[in-house]
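Trainee:
In my numbering, the protein residues as written are 68 to 247.
1. Look at the Cβ atom of residue 133, then the Cβ atom of residue 147, and state whether they are nearer than 8 Å.
2. Do residue 77 and residue 117 have their beta-carbon atoms positioned less than 8 Å apart in this structure?
3. Please determine, among 144, 164 and 128, the residue with the shortest C-alpha to C-alpha distance to residue 112.
4. Between residue 162 and residue 72, what straight-line distance do the alpha-carbon atoms span, to the nearest angstrom?
5. Going by DSSP in three states, residue 122 sits in which element: helix, strand or coil?
6. Distance, Cα to Cα, residue 80 vs residue 141?
7. Excluding the 5 residues flanking residue 68 on each side, which residues of the same chain have their C-beta closer than 7 Å to its C-beta?
8. Return yes when the Cβ of residue 104 is within less than 8 Å of the Cβ of residue 120, no when it is not.
9. Where residue 167 and residue 94 are concerned, what is the direct C-alpha to C-alpha distance, given to the nearest angstrom?
10. Write down the C-beta distance between residue 101 and residue 109 rounded to the nearest angstrom, noting that I regard them as a contact closer than 8 Å.
11. Using DSSP with H/G/I as helix, E/B as strand and the rest coil, what is residue 149?
12. Label residue 138 either buried or exposed according to how many other C-beta atoms from any shown protein chain fall within 10 Å of its C-beta, with 16 as the threshold for buried.
13. For residue 126 and residue 91, what's the separation of their Cα atoms in angstroms?
14. I'd like the list of long-range same chain contacts for residue 228, defined as Cβ closer than 8 Å, with 5 residues on each side in sequence excluded.
15. What number of angstroms, rounded off, separates the C-alpha of residue 129 from the C-alpha of residue 164?
16. For residue 187, does the three-state DSSP call read helix, strand or coil?
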């Protein structure tokens, strides 16, 4: 949802992820640009940033400029090259920006130090259906998301150096596991 009126420019993010690049307000007024999730507010301070909303938390990653995040009783400025996760109860520690935070915009999914189950869950956000992992889980690296089945079938695993991931259909589902 988007609300633009005489006092604000507001995006309501219910789920998913947005990449935002703000511009000066052409209306002439000083209307703040804000994003609201169930967990709190993000106010842009001349910036380019990413906001992700998950089931119980939100996360902001700042690429240029800064944002102000307000959640629970806390408020914090997050500068360029920083990211912050927050819940309705408050703010976590500010962390250095993960370089691949907005790789999804270019059709890529980076999965450094993630289990196969976590990688499959992230990939599931970008396709219909389900991806289910086998019992042995390895750690995938980086793959294109334009074709999720191919992304899983050609991904490599860090635990063995280069073991491809097996992907098999299962009536609307996908089964994924290491091909070792």
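Think of the CB as a built atom: it goes at the ideal place given N, C-alpha and C, for glycine as much as any other residue.
Mentor: Taking the definition as stated:
1. Inclusion of residue 133 and residue 147 in the CB contact set at 8 Å is warranted, their separation being smaller than that value.
2. No, the pair does not count as a contact, with Cβ atoms beyond the cut-off.
3. Nearest neighbour of residue 112 by Cα position, chosen from 144, 164 and 128, turns out to be 144.
4. As the crow flies, the alpha-carbon of residue 162 is around 34 Å from that of residue 72.
5. Three-state result, residue 122: coil.
6. Rounded to the nearest angstrom, the two C-alpha atoms are 20 Å apart.
7. Contacts found: 79.
8. For residue 120 and residue 104, yes; Cβs fall inside 8 Å.
9. For residue 167 and residue 94, the distance between alpha carbons rounds to 34 Å.
10. Residue 101 to residue 109, Cβ: 6 Å. Contact.
11. Reduced to three states, the DSSP call for residue 149 is strand.
12. The residue in question, residue 138, is buried, as its Cβ has 16 or more Cβ neighbours within 10 Å.
13. Distance between the alpha carbons of residue 126 and residue 91: 24 Å.
14. For residue 228, the predicted structure reports a pLDDT of 41, less than 50, and the residue's modelled location is therefore unreliable. The matter cannot be settled from this model.
15. Between the C-alpha atoms of residue 129 and residue 164 there is a straight-line separation of about 7 Å.
16. If DSSP states are grouped into helix, strand and coil, residue 187 belongs with the helices.
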